[in-house]
Each structure stands twice: as structure tokens, then as C-alpha cells.
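The sequence shown: position 266 = 708 (the numbering used here), numbered continuously. Some notes on the structure that comes next.
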Amino acid sequence: MAGSDFSDYGLSELNIDTDSPCFIGGDIGRGSPEKSAHGHFYSGSTPRDTLQQDRGVYSVRTPKTSGDDISMDIKRHSETWKMREEEEKIDRELTSERKQRKRTDRIQRQFDEVERRNRELEKERAGIVDELRTKEKHEHSLLCENALLLGELRKAEEERRGLATVTNRAAKAERENRQLRAAIHRMRADHENEREMFIRRHEAKITELYREYCRRGEKREEDIELRTRKACEGRVRDIARRIKEHYEEKYRAAVGQLRGTPNRSTDPREGQSRASTSFSRRWL
């Protein structure tokens, strides 16, 4: 059946040269092969030599082989070819699955790294938040302390103003005291002068009385002198007391004028102090 048309059996798809004296499929090298797309061609003398199954490729018998055997071989070859395609498809799917798994693993590792970094960042954020809260508490305590210091500063300022007022009042009182001391000094000087003048006038009167008693001769000179001296001393003490009261009244009046208050003395001896200005005339 050399030169016959085997297209019905799928030989055209297998690209088999049917005019060849003998075709043996597979990888077994015997003789001098002339290579084709799917097998080796040999010029052997045994037309019914058959190649056993090797690597999924089956032999094609010589044209003397019956049509049923060729049909079965071609059918098995087609099924084997389909199985190889299925295996290749499965291999491709497995390869794709492995690649997908690797890609998934890589993405999972990246995701885990991102999660770990997120946890670290969350810890850092929590630490920063705690630090900020601590700083806020410290700032709040500083603000409270500042408020307390401001209150104390205001109190100190008020005290300073009060002390300044007291100082001004003290200076004013010191000026008034100086004026009063000057007035007292003047009054004492006037008092001493008036007292000295009164004593001089009184001594002259005593001397005149003594001489008059001596001329009359009523008593002895010793008695007259003693009585006169005692009377004079008592009178001088009384006059000195009245002078003192008189100038004390003047002093109180001067103090009232300097302080701006009228002198309203309730001393029952006021009449005596006012009348003391003419005691020398009455006594003399």
C-alpha cells in the first residue's frame, strides 16, 4: 500500500512520509536514518519490523500491515498525543500555580513586613502620645505654678504699695514731729525766760518786804527771814506749777493746730491755766 492516501487515519497531521519503504517511530537508531519530523526512516529488509512503545510514540507498520492494525495504532497515537497535551497543559497549570504561589508568598511576606512595620509605627505613635500627654501635664503644672506666682506677685505689689503709703505717712508724721519738737523747744525757751523773769521780780519783792520788816522791828531778823524764805519757796513752787500747766495748754493747742484738729481740753484746771497769765500781777 505504498503511495496510498492515509489521510483518513490522521497521517497527514503526523507529517509521515508514506512512500518510504519502512518507517519506524521513536528514538532507536539503527542503520543510516533519514530524519523526519516525528521519527526515523530505515531501509531495512524486514517489512514487518515493529518498534515497541518508547516515550509515548508507537510504530507505524509497513504497507503490508492490515488496515485494522494501522487504525488502532493511529488511534492509540492520537490518544497518546492528547494525553501528552493534557500533561503539558497540566504542567503549564502547575508551573503557573507555582509562580502564582511564589507571587502569593512574596506578597504575603511583603504584607507581613508591612504589618510588622505598622505595629512598630503604632508603638512609636503610642510612645509619642504618652510623651505628649506627659508634656501636657508638665505644661499644666507650670501654668498652675505660674498662676500662683502671679497671685503672689500681685500680693507683693499690693504690699509694696501699702508700704509706700505707710512710708509716705511715716515721712509726713516725721515732718509733723519735727515741727512739734521745734514748737516744744520754742515753748520751753519761752517758759524758761518767763520763769526766770518771774523769779527775778519775786526776789526783788522778797528783798523789799524783808527790808520793810526790818525797819518796823516787829520780829527778829532771823524769824522774818525764815518766814519770808519759806513763803517765797512755797509761792515759787505754786507759780511754777501754774506756769507748767499754762504752757502744757499752749502745747496741746499748738499740736491741735498742726494736726488740723481744734483743741478742746476737758481739763478742770483749764481756768487756772488761763488765769495764770496774771498771777504775777495779782501776787505782786
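Don't be surprised by glycine CBs; every beta carbon is placed ideally from N, CA and C. Only a predicted model underlies this, so the values are computations on that prediction, with no experimental measurement involved.
Length of the line joining the Cα atoms of residue i and residue j
i	j	result
ILE626	ALA613	20 Å
GLU650	PHE640	15 Å
GLU581	LEU574	10 Å
LEU622	GLU654	47 Å
ARG567	GLU527	58 Å
GLU599	ARG694	39 Å
ARG561	GLU601	59 Å
SER538	LYS531	10 Å
TRP517	MET525	In the sequence under discussion, the amino acid at residue 517 is Lys, which differs from the Trp named in the question. Going from the Cα of LYS517 to the Cα of MET525 covers about 12 Å.
THR546	GLY569	34 Å
ARG559	GLY593	50 Å
GLU578	ASN588	15 Å
VAL556	LYS544	18 Å
GLU636	HIS688	12 Å
LEU590	LEU605	22 Å
ALA615	ARG603	18 Å
GLU690	THR609	30 Å
ARG472	GLU521	Since pLDDT at ARG472 reaches only 41, below the 50 mark, its modelled position is unreliable, and no value is offered.
LYS624	THR607	In the sequence under discussion, the amino acid at residue 624 is Ala, which differs from the Lys named in the question. Whole-angstrom Cα-Cα distance: 26 Å.
TRP523	ARG534	16 Å
ARG679	LYS597	59 Å
GLN550	GLU564	20 Å
Presumed contact (8 Å Cβ cut-off) between residue i and residue j, rounded CB distance
i	j	result
HIS633	ILE685	6 Å
In chain order, which continuous runs of the alpha helix (DSSP H) of length 4 or greater are located wholly inside the stretch 571 to 652?
Correct list: empty.
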